[in-house]
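Numbers in the numbering used here are just positions in the sequence shown, counted from 1, shifted up by 5. Glycine included, every Cβ here is placed at the ideal spot set by N, Cα and C. Read through the structure below, which is laid out as structure tokens, and then see the notes.
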Amino acid sequence: PAIAVDRRHELLAFAGAELQRGASEGQQFVATVDSDGRALTRSCRYRIDGTTPVATFWTLTATDASGALITREGAPRALSSTRIARANDGSMELYVSRTLAPRNWLEITGDGPFSLKLNLYDTSSIGGVGAAAITLPSIIREGCA
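Have a look at this one:
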């Protein structure tokens, strides 16, 4: 028998939709520089290493200065927690670049600067009294064209 799978979140990510989040429902982190403080540029390849804060679901998107997605048409519009391979310890290794990369790859297009947006949904990392420090994955520049 067929098993029904709820994929609405994947369709929203594919369409580039932004979910409206209440204060207790989610959080967005935006990076415009790598872990060494250098501006993110589309001519470079980046490896994102580590773990995300605890969340039921997350997406990672790449956008230009106007907020438009910069992924190649026909390619996945986002990486998500439900569609990546992880190491046994739960850590992940993601790649963002214009050129082919192994495993978890977000293919971007064009030239110029960009931002990475990590959207956490149904997360316990929301700040407040007694909130723990948040550790985000590293963004490592591996090389540039």
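Could you please give the first and the last residue of the uninterrupted beta strand (DSSP E) stretch that includes residue i?
i	result
Thr61	60–68
Ile144	143–149
Asn109	109–112
Arg50	49–55
Ser120	120–128
Ala36	31–36
So, at 8 Å on beta carbons, what are the nonlocal neighbours of residue i in its own chain, with the 5 sequence-adjacent residues on each side left out?
i	result
Gly148	Cys49, Arg50
Ile113	Arg47, Ala67, Ile75, Thr76, Arg77, Val101, Ser102, Arg103, Phe119
Just list the residues that DSSP pairs residue i with in beta bridges.
i	result
Asp41	Bridge partners of Asp41: none, in fact.
Arg103	According to DSSP, which records beta bridges pairwise, Arg103 is partnered with nothing at all.
Ser85	Thr64
Arg77	DSSP, once it has assigned bridges, lists no residue as partnering Arg77.
Thr46	Pro118
Quick one: residues in its chain with C-beta nearer than 6 Å to the C-beta of residue i, no 5 flanking neighbours on either side, listed in chain order?
i	result
Arg12	Any reading at Arg12 must be qualified, since the residue scores a pLDDT of 44, below 50, and its modelled position is unreliable; the value itself is stated next. Within the same chain, Arg12 has no close Cβ partners at all.
- Query: Is the region 60–71 in contact with the region 116–123, if contact means three or more CB pairs nearer than 8 Å?
  - Reply: The region 60–71 makes contact with the region 116–123; the number of CB pairs closer than 8 Å reaches 3 or more.
- Query: Can we say the region 90–100 touches the region 35–43, given the rule of at least three CB pairs closer than 8 Å?
  - Reply: They do not touch, by the three-pair rule.
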